[in-house]
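Trainee: Take a look at the following structure, please.
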């Protein structure tokens, strides 16, 4: 299995090569190099997956394989950062997801980014991202994960800010980095706490179910929660930042300033699910040591999901709609994990969450790439500039429809199966939560079809030159992803990825399935009614619910909160006073000493007048004083 | 003669060469040759040292030599190195080498500039090879004095004020230090100035209690210990490029190294008892420096405050008195030295072209000078602790090590220090976004040239070193670990 190292290493080499020598290459050549390298990595991932899933099962349970692990940095004898490769069902699944989507995006970008300034740089960054993301999912220990976690963060920063002359892009990249960095602070502190009490970073040891490892933290609590709960909640905070969970999601909609294929790869399919992956990776620890944090995760997931779905209903920028939809869907995955148990049939939520991660990656990448093709055709992100595009962009239209049906949860498209299982698990956990999530699923169907109709139907807008279908390099990925979306639902996922690595037989919960399909159909019906043709209903609704509409359009003012914290509190409230204090008080004291000694020397300078009479006078006075002292004391 | 003395001899010979040199070309040849020689020596020393260790030499200090200098006070010229000083020597050699290239075209009085520059280097190298307290102190002073002239003559802005302030504050520090050193000499009862002999001697605890603060603050002033750090922003801002590089890159490390080698090594009991006071001060430094950096508008001030924050972390980690954190402190010295030198080099290059360091007047430079822009981004990423570059390794060692401390007090302060990683990201990205991205702020900047060969040499060497530590830190951290043991054992007494 040593060849799995190549999956990670090849993109790194491609990054170094394109980064250092890219300028001398023709753009097209740089693109081909990046794409071919990713194709090889994808091929190797498929071989790994086949190899792993066919041979790693021992006694009905998938083993964990560690083909490579070496020491990178020592802390103490027992605590050290290793770099290595850990293969288990979720890691292998992620390898497949990442390389597949990444390959599609590489291919697609050949057409989409054609003629852009910095084409080589773009491919170099894509390679860097692929390397970091692949390194993240195969991490053998939590510190390796943190290392690659930071690296994906920086690749995301670089790619969001790809159009670096555009102020919005620069601001968005900065925001993305700082918000996630703040979340990573929680992650880091969580790691510190966890390793302090358990004495290890290794995932294999942490998730072995060995409770003696956590004995050191037994009985310790802080503000009513156990230390382990704190540690794991802080680690989740890192995940929440990366996965754009409420209220740390503010960076993701802005991140859409990056090139669209980047949004598809990083901000829809792969990096943003890193938080879900992190929780899944540590799931046994969460379940055994801090079940209260799992409830927190479920609640955060549900709130995020509902919030983002509401906001998505009123956005007019198609990439923003998709961004909020991503946030909402990741919320579903978090809920799935939060409500899950560990063993056997209790593990439905976990399995469903991972399944949804898989299907969502495919159809959301498809949606973004489709959006890219649309933007490519009409040169605008705004829905108002679209409409009636179905006859101009037939392939994009059909593939986009497939993705919309999948995310809306219509059988037999893949999203139906995965989302339905999450709903079933949620209802089983708590009916109220289940109802909230079902409602959110309905909203999802509604806003997706609102999007669909306003792009492809509704009133056709006039264009100076007729929009035309994208070139083959862009449509092939669309068709491929649409095909995956059509069939992925029938993958017997329970055979591959489950909470306890043993087989899970999926039974469709007919009640839940019927209800959710009914809700989806009704929602689509409403969307058809409102948006299929031009209609005044949406406007009238907007005026009726003016307050809600305005608040949702402004994303419930969370960006203002972010601005308030960074500008008002950090910049004006802390930094300015600190700088003032430094300049006037600390430095002022030092300058004060200088002035004081200058004054002092000025005042005693008079003694050194050079006048003999004065000196004699002083000598005589001094002598007199001494005499007086000697005689009388 | 012991080959360690070459580190002092080469700069002295360089001064001789410079004295004789007539043309600018000759001056450059002498400076470049000497600096390359020093770099080669330092790299050679690393291999020689690792070779000796691999061969099983377990002596505390290797390559030792001593000769009597002044018998009545038992002053020897005695030299020797362990893993820590080897690392510091390598750092100094890299900075001197890149500093020479960064000041390739000073414009005026090159000969005098390089003369003082070499004297400064002599002091720095001498300090790191000495194991005799007095010799160490002497070299320390040698390194400080040229600073006054280098800033006062070749500096910019309020250079006289800055030079005076810097020199006076550091001199006040060394006055405390001298007092401390004399105290150690007379009160240890050992009649020796040798560090190793003193470490074995027992200085009574009550004596340690008042000597420790003297020495720690004395060195701490140079290590930008809050509230004695204000010389640093003004000093750096006014200093010429190479001097900023050498000063922030190496000279400030003299402070950290001294705190660690003299204050903690010789006075372990006081260190254990009094550490908390300085942990509070350095903890403040870390966060305070970072917040101050956020609102600055002069590139050099930003970097100077960032140095206050990063150097604060060095002293903070030393005071944790455990192996992991101390190791992190040494790594942080190396890492900070390299990246801050890179920063100052780049700022100098940008300033040389645009004639401004005010971020409000800069913008879109990435398009105009992509090479310098990319280097600046790399320096920024190193500074905010991106894995794969040196800052991450050092910071993680410090955080993990400090957090392992048994006291809740220390752990709480570690968490406070941790928050600096976010604030650092804020000020770094603010600057990068402002000066490199966006549209070009000033039309005149559109015609500016990118880096030339000597500037490239300087930045590439620094980046290679930063990435080298960041990618493969194990050998370095092991080399340092081996040499920390005697100090740790002393502290645990």
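Protein chains in written order, with my numbering: chain A, 2 to 634; chain B, 3 to 495. Heads up, the beta-carbon is just placed ideally off N, CA and C, and yes, glycines get one too. Please read all numbers here as calculations on a predicted model, not as lab measurements.
Measure the C-alpha to C-alpha separation of residue 450/B and residue 284/A and round it to an integer number of angstroms.
Mentor: Counting from 1 along the second chain, the entry for residue 450/B is found at position 448. Counting from 1 along the first chain, the entry for residue 284/A is found at position 283. Answer to the nearest angstrom: the Cα atoms are 55 Å apart.
Trainee: If you compare alpha carbons, which of 33/A, 485/A, 195/A and 4/A is closest to residue 67/A?
Mentor: The count along the first chain starts at 1 and reaches residue 67/A at position 66. Comparing Cα-Cα distances from residue 67/A to each of 33/A, 485/A, 195/A and 4/A, the minimum goes to 4/A.
Trainee: Below 9 Å between beta carbons is the criterion; list the residues of the region 139 to 171 of chain B that meet it against any residue of chain A, in chain order.
Mentor: Listed by position along the chain: 166, 167, 170 and 171.
Trainee: Please report how far the alpha carbon of residue 476/B lies from the alpha carbon of residue 53/A, in whole angstroms.
Mentor: Residue mapping note: residue 476/B aligns to position 474 of the second chain, counting from 1. Residue mapping note: residue 53/A aligns to position 52 of the first chain, counting from 1. If you take the alpha carbons of residue 476/B and residue 53/A, they lie about 32 Å apart.
Trainee: Within 7 Å of any Cβ in chain B, is that where the Cβ of residue 46/A sits?
Mentor: Taking the first residue of the first chain as 1, we reach residue 46/A at position 45. So no, residue 46/A is outside the interface.
Trainee: Listing by chain order, which chain A residues have their CB less than 8 Å from the CB of residue 399/B?
Mentor: The residue given as residue 399/B occupies position 397 in the second chain. Correct list: 74 and 76.
Trainee: For residue 585/A, count neighbouring C-beta atoms within 10 Å of its own C-beta (all shown protein chains included) and say buried if the count is 16 or more, exposed if not.
Mentor: In the first chain, counting from the first residue as 1, residue 585/A sits at position 584. Residue 585/A comes out exposed.
Trainee: Between residue 98/B and chain A, is the shortest Cβ-Cβ distance under 7 Å, so that the two count as touching?
Mentor: What you label residue 98/B is simply residue 96 of the second chain in a count that begins at 1. So no, residue 98/B is outside the interface.
Trainee: Quick check on residue 329/B: does DSSP put it in helix, strand or coil?
Mentor: Taking the first residue of the second chain as 1, we reach residue 329/B at position 327. Residue 329/B: helix per DSSP, three-state reduction.
Trainee: If you measure between the beta carbons of residue 348/A and residue 342/A, is that distance less than 7 Å?
Mentor: Here residue 348/A corresponds to residue number 347 of the first chain, with the count starting at 1. Here residue 342/A corresponds to residue number 341 of the first chain, with the count starting at 1. Closer than 7 Å, so yes.
Trainee: In the DSSP assignment, what residue or residues form a beta bridge with residue 226/A?
Mentor: Working through the first chain from its first residue, we reach residue 226/A at position 225. According to DSSP, which records beta bridges pairwise, residue 226/A is partnered with 223/A.
Trainee: What residue does the alpha helix (DSSP H) around residue 148/B start on, and which one ends it?
Mentor: Here residue 148/B is taken as the residue at index 146 of the second chain, counted from 1. Looking at the DSSP string, the run of the alpha helix (DSSP H) that includes residue 148/B is 135 to 156.
Trainee: Taking contact to mean at least 3 C-beta pairs separated by less than 8 Å, is the region 130 to 138 of chain B in contact with the region 65 to 84 of chain B?
Mentor: The region 130 to 138 of chain B vs the region 65 to 84 of chain B: in contact.
Trainee: Would you report the Cα separation of residue 536/A and residue 56/A, rounded to the nearest angstrom?
Mentor: Reading the first chain from its first residue, position 535 is the one you call residue 536/A. Reading the first chain from its first residue, position 55 is the one you call residue 56/A. In a straight line, the C-alpha of residue 536/A is about 58 Å away from that of residue 56/A.
Trainee: Are the region 347 to 354 of chain B and the region 365 to 382 of chain B touching by the rule of at least three beta carbon pairs closer than 8 Å?
Mentor: Yes, they touch.
Trainee: Does residue 470/B get closer than 7 Å to chain E when you measure Cβ to Cβ?
Mentor: This model lacks chain E altogether, as its protein chains are A and B.
Trainee: Please report how far the alpha carbon of residue 40/B lies from the alpha carbon of residue 12/B, in whole angstroms.
Mentor: As a first step, residue 40/B must be located in the second chain, where it is residue number 38. As a first step, residue 12/B must be located in the second chain, where it is residue number 10. Those two C-alpha atoms are separated by around 7 Å.
Trainee: Using the C-alpha atoms, what's the distance from residue 90/A back to residue 297/B?
Mentor: Position 295 of the second chain holds residue 297/B. Position 89 of the first chain holds residue 90/A. Distance between the alpha carbons of residue 297/B and residue 90/A: 48 Å.
Trainee: Within the region 54 to 81 of chain A, note down every full beta strand (DSSP E) run reaching 3 residues or more, in order along the chain.
Mentor: Here the runs fully enclosed are 66 to 75.
Trainee: Under 8 Å: do the region 383 to 399 of chain A and the region 450 to 459 of chain A share three or more Cβ pairs, one atom per stretch?
Mentor: Yes, they touch.
Trainee: Which term fits residue 227/B, buried or exposed, when burial requires 16 or more other beta carbons within 10 angstroms of its beta carbon?
Mentor: Along the second chain, one-based indexing puts residue 227/B at 225. Buried: at least 16 other Cβ atoms inside 10 Å.
Trainee: Quick one: list the residues of chain A neighbouring residue 302/B, beta-carbon separation under 8 Å, in chain order.
Mentor: Indexing the second chain from 1 puts residue 302/B at position 300. Per Cβ cutoff of 8 Å: no residues; residue 302/B is ~15 Å from chain A at best.
Trainee: Got a sec? Which residues, its chain only, sit under 8 Å from residue 470/A by beta carbon, not counting five neighbours each side?
Mentor: Taking the first chain and counting its residues from 1, the one referred to as residue 470/A is at position 469. Answer for residue 470/A: 374, 378, 393, 394, 395, 396, 397 and 476, listed in chain order.
Trainee: Considering only DSSP beta bridges, list what residue 85/A is partnered with.
Mentor: Here residue 85/A refers to the residue found at position 84 when the first chain is read from its first residue. Paired residues: 70/A.
Trainee: Quick one: is residue 435/A buried, meaning 16 or more other Cβ sit within 10 Å of its Cβ, or exposed?
Mentor: Here residue 435/A refers to the residue found at position 434 when the first chain is read from its first residue. Answer is buried; the Cβ neighbour count reaches 16.
Trainee: Determine the direct distance from the alpha carbon of residue 146/B to that of residue 173/B, and round the result to whole angstroms.
Mentor: Within the second chain, the letter at position 171 stands for residue 173/B. Within the second chain, the letter at position 144 stands for residue 146/B. Cα to Cα, residue 173/B sits roughly 8 Å from residue 146/B.
Trainee: Just to check my reading of the structure: residue 162/A and residue 174/A have Cβ atoms closer than 8 Å, yes? What is that Cβ distance to the nearest angstrom?
Mentor: Residue numbering aside, residue 162/A sits at position 161 when the first chain is read from its first letter. Residue numbering aside, residue 174/A sits at position 173 when the first chain is read from its first letter. The pair is a contact, with the Cβ atoms about 3 Å apart (cut-off 8 Å).
Trainee: From the beta carbon of residue 318/B, is the nearest beta carbon of chain A less than 7 Å away?
Mentor: Counting from 1 along the second chain, the entry for residue 318/B is found at position 316. Residue 318/B does not count as touching chain A.
Trainee: Where does residue 365/A land, buried or exposed, given buried means 16+ other C-beta within 10 angstroms?
Mentor: Within the first chain, residue 365/A is the residue found at index 364, counting from 1. Residue 365/A comes out buried.
Trainee: Here's the rule: buried if 16 or more other CB atoms are within 10 angstroms of the residue's CB, otherwise exposed. What is residue 511/A?
Mentor: Numbered from its first residue, the first chain carries residue 511/A at position 510. That one is exposed.
Trainee: Kindly identify the DSSP beta-bridge partner or partners of residue 196/B.
Mentor: In the second chain, the residue the question calls residue 196/B occupies position 194. BP columns for residue 196/B point to 134/B.
Trainee: Measure the C-alpha to C-alpha separation of residue 386/B and residue 269/A and round it to an integer number of angstroms.
Mentor: The count along the second chain starts at 1 and reaches residue 386/B at position 384. The count along the first chain starts at 1 and reaches residue 269/A at position 268. Going by the C-alpha atoms only, they are around 26 Å apart.
Trainee: Out of 192/B, 157/B, 186/B and 213/B, point me to the one whose CA is closest to residue 237/B's CA.
Mentor: Residue numbering aside, residue 237/B sits at position 235 when the second chain is read from its first letter. With distances taken between Cα atoms, residue 237/B lies closest to 157/B.
Trainee: Applying a beta-carbon distance threshold of less than 8 Å, which residues of chain A neighbour residue 421/B?
Mentor: Your numbering for residue 421/B matches position 419 in the second chain. Near residue 421/B (Cβ distances below 8 Å), the residues of chain A are 186.
Trainee: Please state if the CB of residue 288/B and the CB of residue 182/A are separated by a distance shorter than 7 Å.
Mentor: Within the first chain, numbered from 1, the residue matching residue 182/A stands at position 181. Within the second chain, numbered from 1, the residue matching residue 288/B stands at position 286. The answer is no: Cβ separation not under 7 Å.
Trainee: How far does the alpha helix (DSSP H) with residue 77/B in it extend, from its first residue to its last?
Mentor: Along the second chain, one-based indexing puts residue 77/B at 75. First-last for residue 77/B: 77 to 83, but that is the beta strand (DSSP E), not the alpha helix (DSSP H).
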